[in-house]
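**Q**
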């Protein structure tokens with residue numbers, strides 16, 4: 035609050051009255067929101083970049099943003115087919131141009147036919163363009179080995195975040211001891227903590243087991259639930275698979291998913307399955323199972339009754355089209371009247387961005403083997419996934435060679451979440467500065483190397499353990515240098531405080 | 035709740051247990067949200083379209099959606115220059131193509147330079163691409179005759195709706211009698227009532243004066259404020275200029291705006307100025323004045339202290355690019371710490387859609403007279419605005435010829451909000467059916483003519499008066515037929531219930 039109080043005393047000195055809207059008078063829930071992935075460390079990274087531009091001397095020549103899963107910002111090239119079709123949709127005059135393959139033109143015409151006024155510039159219905167909802171449903175059916183998906187249960191969104199917030203909004207009710215509690219994994223993706231804070235719901239932490247490569251253990255779910263009961267009403271369980279921030283055995287086994295579903299059913303919890311990394315699975319032997327598929331294959335009483343919302347996005351996967359803000363949620367066994375309420379709530383924002391909807395359509399129905407664009411599309415897609423797999427391996431190797439750093443295998447997604455030993459004197463120093471010890475470490479790392487990673491405290495971690503989240507997205511050679519630089523810095527930092 | 039209760043008894047019959055999430059257990063605030071522009075009447079329109087597709091015989095051959103300001107859905111063609119630049123941004127391979135003008139290529143390169151990884155597919159910073167914030171600030175300066183605008187006070191958003199919701203979120207605090215109250219015009223755009231309901235804030239209605247073509251009267255603001263005090267804490271005042279749903283002398287005079295600002299300052303209200311129709315001003319003699327400009331020209335104590343948020347969008351204006359969800363808010367005199375909190379809140383959603391940001395950049399900095407694309411751009415822009423002006427005039431003329439319908443001049447925006455006389459027996463019949471009388475009228479209109487308009491009750495109106503909102507967007511000849519058909523239906527409806 036320093037700033038605002040400062041402003042106000044300033045205001046008084048200038049004979050101005052206090053503002054209507056101040057830190058003290060504003061929405062207290064918003065004040066409590068924290069969002070580490072774009073928190074103070076990223077603000078500082080921005081300042082450092084500006085200082086570098088102004089020619090200020092630094093021990094580094096560029097800031098490397100390994101803080102956020104933003105593939106194209108890290109140099110990944112967009113998939114040609116996706117951008118060809120989108121360009122045709124944006125500017126249909128190009129449909130007569132010889133420089134686009136026929137299948138791209140057909141796809142663009144098909145999408146435009148489904149748009150109001152045959153234009154991306156018209157609003158769509160609030161749940162998203164019907165044709166695209168149907169294509170998403172077919173994608174889900176293929177993904178889940180033929181288990182049916184109903185387009186009317188698919189709602190397009192402004193990235194997955196938007197859909198996650200919408201479903202959480204539906205779930206929040208009660209006051210005091212009856213307030214809705216939502217179980218979320220620790221470490222977690224801070225969208226969850228931020229949204230629950232804003233909605234005034236109770237965040238119920240369950241810890242993933244780092245020693246077992248971040249496995250989800252149902253006995254820990256029980257512990258968390260029992261502790262939560264009495265001071266809130268736990269009504270939902272969030273699972274992130276493959277995992278974020280760590281990307282380890284958070285490619286969950288089928289057995290684990292079945293156990294989670296049984297737990298949710300017995301404890302009457304609405305399930306939220308964050309599956310935006312479903313296309314990012316690298317490790318040999320690990321395979322993505324969707325919660326929907328496992329639920330349906332479990333049969334009664336689970337299949338027909340357990341309420342589930344599953345989220346996907348165009349931001350991650352091989353395409354990494356974060357800027358288009360495309361995504362969807364599929365709801366399963368949701369009360370029909372509640373589903374109408376969800377649609378009503380979505381309608382207040384009119385519709386998700388139509389270019390993002392079009393992009394999602396291409397992601398869920400890529401070129402078929404008989405299409406002219408198939409070969410290039412497959413080659414580009416495989417190249418991206420192969421490089422991510424190599425980066426995942428490299429990250430694990432380099433970190434585990436470094437004393438005081440341990441890193442679980444990166445089985446999926448696009449992050450590593452290594453654990454770092456911090457010397458007691460560094461912890462004390464951090465406490466003097468009023469910083470979380472790993473925030474202190476990450477800030478020093480940024481100032482001395484230009485490497486921007488997010489402290490584990492921003493995602494949650496067991497008391498007394500310290501981590502940071504780093505994406506594996508920089509180009510391979512750059513990533514190698516970055517990993518080595520980071521390991522050397524940690525050694526130096528440890529020495530300095532021993 | 036019928037459906038959910040129905041579902042549950044159904045569930046019981048099938049030996050299923052009740053859902054975790056039901057109409058009864060869900061977020062009660064969400065349940066209270068209403069959004070007329072996409073409410074039941076639009077659902078019914080959708081059903082009718084499907085029935086027509088299935089060959090069901092109707093007294094009409096197509097449903098005409100005059101319910102929402104969606105220009106391109108009504109056949110308006112996108113502005114060529116905007117789409118050319120966007121296509122180049124989406125697919126930079128086209129930058130070498132001879133079929134694009136040089137200025138379009140330069141603009142695309144300039145935007146891509148400002149994107150992470152030079153791609154629309156990267157996230158931007160949460161406040162929007164810095165270059166575009168600077169272009170928006172320059173646009174505001176030109177619009178306001180040189181009054182300075184700071185890019186750091188400009189935040190890009192997912193359409194204006196997103197920014198309006200964000201600012202309202204900041205303002206909501208307190209419980210019971212201290213809950214935040216927000217003054218909104220009646221009739222209003224239902225985003226405001228919906229958002230206040232969801233946030234649990236108190237909606238404080240002030241009525242616009244239909245007899246004086248929907249003028250805003252400060253004495254009415256006083257009345258509304260006094261009545262509100264005691265049962266809530268009024269902290270903000272929303273003004274929509276040019277107006278929506280009516281588009282009448284809601285192109286406010288400078289004197290009116292000054293009076294509103296004085297009122298807000300004296301009563302310590304944060305001002306929200308919804309100015310998304312600032313480019314849509316047709317009527318001779320009426321001119322758009324921005325609240326920012328008037329505020330600054332009023333000088334002390336107002337200029338340096340009155341807190342203001344002004345909203346704009348790419349959805350309206352001459353471009354009508356609703357589907358891209360572009361928009362911005364400029365905040366004036368906002369507490370610096372609160373502004374940081376706003377940025378934090380925006381960061382949880384990562385960033386606004388980048389294609390929408392790019393589009394906004396083109397809207398705020400169109401081709402200059404020396405640019406190759408200038409002539410065509412101007413011609414297309416003028417054609418759109420001229421046709422809207424003609425449609426505005428036509429709407430007023432036809433409606434005012436019809437007995438029992440009266441329509442204020444449409445001075446701006448893209449809507450008419452005519453008042454309709456409904457015979458007492460029709461009002462009784464509606465009440466028997468549990469419908470608002472004008473909802474009953476609009477539903478009958480839809481069923482018998484295929485014309486979809488929104489009842490005035492969805493926007494609010496004085497007790498005992500009845501209206502509907504109709505866009506003026508259909509092509510001119512289609513609009514003429516529609517207006518006459520609607521007038522004839524009203525005559526028939528009146529006869530039927532006399």
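Residue numbers (the numbering used here), protein chains in the order written: chain A, 35 to 532; chain B, 35 to 532. Note that the Cβ used here is the ideal one computed from N, Cα and C, for glycine as well.
#1: Which residues, taken in chain order from the segment 459-489 of chain A, show a beta carbon closer than 8 Å to some beta carbon of chain B?
#2: Does the Cβ of residue 87(B) have 16 or more other Cβ atoms within 10 Å, making it buried, or fewer, making it exposed?
#3: Helix, strand or coil, according to DSSP, for residue 504(B) in the structure here?
#4: Out of curiosity, what's the CA-to-CA distance linking residue 283(A) and residue 445(A)?
#5: Looking at the secondary structure, which residues open and close the beta strand (DSSP E) in which residue 219(B) lies?
#6: Could you work out which residue in 201(B), 432(B), 492(B) is closest to residue 517(B) when comparing CA atoms only?
#7: Name the chain B residues whose beta carbon is nearer than 8 Å to that of residue 137(A)?
#8: Measure the Cβ-Cβ separation of residue 396(A) and residue 366(A) and say whether it is below 7 Å.
#9: Mind listing the chain A neighbours of residue 539(B)? Cutoff is C-beta to C-beta under 7 Å, in chain order.
#10: On the DSSP letters alone, give me the boundaries of the alpha helix (DSSP H) that residue 164(A) sits inside.
#11: Our contact map puts residue 391(A) next to residue 163(A) with C-beta atoms below 8 Å; I'd like the distance itself, whole angstroms only.
#12: Name the residues in the segment 361-382 of chain A whose C-beta lies less than 8 Å from a C-beta of chain B; which are they?
#13: Across the segment 260-272 of chain B and the segment 426-440 of chain B, are there enough close Cβ pairs to call them in contact, namely three or more that are closer than 8 Å?
#14: Does the beta-carbon of residue 526(B) have 16 or more other beta-carbons within 10 angstroms, so that it is buried, or is it exposed?
#15: Closer than 7 Å by beta-carbon distance: list the chain A residues that pair up with residue 203(B), in chain order.
#16: Once the 5 residues before and after residue 98(A) are set aside, which same chain residues still bring their CB inside 7 Å of it?
#17: Are the CB atoms of residue 170(A) and residue 142(A) nearer to each other than 7 Å?
#18: Can you confirm whether residue 195(A), when its beta carbon is compared against all beta carbons of chain B, has any partner nearer than 7 Å?
#19: Could you confirm whether any beta carbon from chain B is found closer than 7 Å to the beta carbon of residue 503(A)?
#20: Run down chain B in chain order and give the residues with a C-beta less than 7 Å from the C-beta of residue 117(A).
#21: Does DSSP classify residue 241(A) as helix, strand or coil?
#22: Using DSSP bridges, identify the partner residues of residue 268(B).
#23: Using a Cβ cut-off of 7 Å (strictly closer), state whether residue 429(B) contacts chain A.
#24: Pick out whichever of 274(A), 201(A), 168(A) has its Cα sitting closest to the Cα of residue 185(A).
#25: What ranges does the alpha helix (DSSP H) occupy inside the segment 416-469 of chain B, keeping only unbroken runs of at least 4 residues that lie completely in it?
#26: Excluding five sequence neighbours on each side, which residues of the same chain lie with their C-beta closer than 7 Å to the C-beta of residue 452(A)?
#27: Taking the straight line between their C-alpha atoms, what separation do you get for residue 201(A) and residue 376(A)?
#28: According to DSSP, is residue 152(A) part of a helix, a strand, or is it coil?
#29: Could you have a look at residue 315(B) and say whether DSSP puts it in helix, strand or coil?
#30: Around the C-beta of residue 243(A), are 16 or more other C-beta atoms found within 10 angstroms, so that it is buried, or is it exposed?
#31: Does the segment 105-122 of chain A come within contact of the segment 120-132 of chain B, defined as at least 3 CB pairs closer than 8 Å?
#32: May I ask you to list the residues that DSSP assigns as paired with residue 308(B)?
#33: Looking at the C-beta of residue 339(A), does it have a partner C-beta in chain B at a distance below 7 Å?
#34: Less than 7 Å between the beta carbons of residue 369(B) and residue 55(A), yes or no?
#35: Residues bridged to residue 98(A) by DSSP?
#36: Reducing DSSP to helix, strand and coil, say where residue 283(B) ends up.
**A** Answer, in terms of the structure:
#1: Here the close residues number zero.
#2: Against the second chain, residue 87(B) aligns to sequence position 53. Under this definition residue 87(B) is an exposed residue.
#3: Within the second chain, numbered from 1, the residue matching residue 504(B) stands at position 470. Of the three classes helix, strand and coil, the one that applies to residue 504(B) here is strand, per DSSP.
#4: For this step, residue 283(A) is matched to residue 249 along the first chain. For this step, residue 445(A) is matched to residue 411 along the first chain. Below a pLDDT of 50, predicted positions are generally treated as unreliable, and residue 283(A), at 48, falls in that range; the measurement from the model is reported next regardless. Between the alpha carbons of residue 283(A) and residue 445(A) lies a gap of roughly 6 Å.
#5: By 1-based counting over the second chain, the position of residue 219(B) is 185. Unbroken beta strand (DSSP E) run through residue 219(B): 214-220.
#6: Sequence index remark: in the second chain, residue 517(B) carries index 483 (1-based). Cα-wise, what sits closest to residue 517(B) is 432(B).
#7: Within the first chain, numbered from 1, the residue matching residue 137(A) stands at position 103. Per Cβ cutoff of 8 Å: no residues; residue 137(A) is ~15 Å from chain B at best.
#8: To locate residue 396(A), count along the first chain from 1; it is residue 362. To locate residue 366(A), count along the first chain from 1; it is residue 332. In this structure, residue 396(A) keeps its C-beta atom at 7 Å or more from the C-beta atom of residue 366(A).
#9: Because residue 539(B) is not part of the residues shown, which for chain B are 35 to 532, the question remains open.
#10: One-based indexing of the first chain puts residue 164(A) at position 130. For residue 164(A), the uninterrupted alpha helix (DSSP H) run begins and ends at 164-177, by DSSP.
#11: Start at 1 with the first residue of the first chain, and residue 391(A) comes out as number 357. Start at 1 with the first residue of the first chain, and residue 163(A) comes out as number 129. About 5 Å separates the two Cβ atoms, so the contact holds.
#12: The segment 361-382 of chain A vs chain B, Cβ under 8 Å: 367, 368, 369, 370, 371, 372, 374, 375, 378, 379, 381, 382.
#13: Judged by pairs of C-beta atoms under 8 Å, the segment 260-272 of chain B does not touch the segment 426-440 of chain B, as fewer than three such pairs exist.
#14: Here the question's residue 526(B) lines up with position 492 in the second chain. Result: exposed.
#15: Residue mapping note: residue 203(B) aligns to position 169 of the second chain, counting from 1. In chain order: 61, 64.
#16: In the first chain, counting from the first residue as 1, residue 98(A) sits at position 64. Around residue 98(A): 484, 485, 486, 508, 516.
#17: Sequence index remark: in the first chain, residue 170(A) carries index 136 (1-based). Sequence index remark: in the first chain, residue 142(A) carries index 108 (1-based). With respect to the 7 Å criterion, residue 170(A) and residue 142(A) are not classified as neighbours on the basis of their beta carbons.
#18: As a position in the first chain, residue 195(A) is number 161, starting the count at 1. It does; some Cβ of chain B falls within 7 Å.
#19: Your numbering for residue 503(A) matches position 469 in the first chain. Residue-level contact by beta carbon fails for residue 503(A) and chain B, as no gap is shorter than 7 Å.
#20: Here the question's residue 117(A) lines up with position 83 in the first chain. Within chain B, the residues near residue 117(A) are 124, 125.
#21: For the purposes of this step, residue 241(A) is taken as the residue at position 207 of the first chain. Residue state, collapsed to three classes: strand.
#22: Position 234 of the second chain, counted from the first residue, corresponds to residue 268(B). In DSSP, residue 268(B) forms a bridge with 215(B).
#23: By one-based count along the second chain, residue 429(B) stands at place 395. Not an interface residue.
#24: Working through the first chain from its first residue, we reach residue 185(A) at position 151. Ranked by Cα distance from residue 185(A), the options 274(A), 201(A), 168(A) are led by 168(A).
#25: Taken in chain order, the complete alpha helix (DSSP H) segments of 4 residues or longer contained in the segment 416-469 of chain B are 458-466.
#26: For this step, residue 452(A) is matched to residue 418 along the first chain. Cβ within range, chain order: 433, 439, 440, 441, 501, 502.
#27: In the first chain, the residue the question calls residue 201(A) occupies position 167. In the first chain, the residue the question calls residue 376(A) occupies position 342. C-alpha separation (whole angstroms): 8 Å.
#28: For the purposes of this step, residue 152(A) is identified with residue 118 of the first chain, where counting begins at 1. In the three-state DSSP reduction, residue 152(A) falls in the helix class (H, G or I).
#29: In the second chain, counting from the first residue as 1, residue 315(B) sits at position 281. Correct three-state label for residue 315(B): strand.
#30: Numbered from its first residue, the first chain carries residue 243(A) at position 209. Label assigned to residue 243(A): exposed.
#31: Output reads yes: the segment 120-132 of chain B touches the segment 105-122 of chain A.
#32: Position 274 of the second chain, counted from the first residue, corresponds to residue 308(B). Bridge partners of residue 308(B): 274(B), 345(B).
#33: Mapped onto the first chain, residue 339(A) falls at position 305. Judged by the 7 Å Cβ criterion, residue 339(A) is in contact with chain B.
#34: As a first step, residue 369(B) is located in the second chain; it is residue number 335 there, counting from the start. As a first step, residue 55(A) is located in the first chain; it is residue number 21 there, counting from the start. Remark: C-beta atoms of residue 369(B) and residue 55(A) approach each other more closely than 7 Å.
#35: For this step, residue 98(A) is matched to residue 64 along the first chain. Answer by DSSP bridge pairing, in chain order: 485(A).
#36: Translated into the one-based positions of the second chain, residue 283(B) becomes position 249. Any reading at residue 283(B) must be qualified, since the residue scores a pLDDT of 47, below 50, and its modelled position is unreliable; the value itself is stated next. Coil, per DSSP.
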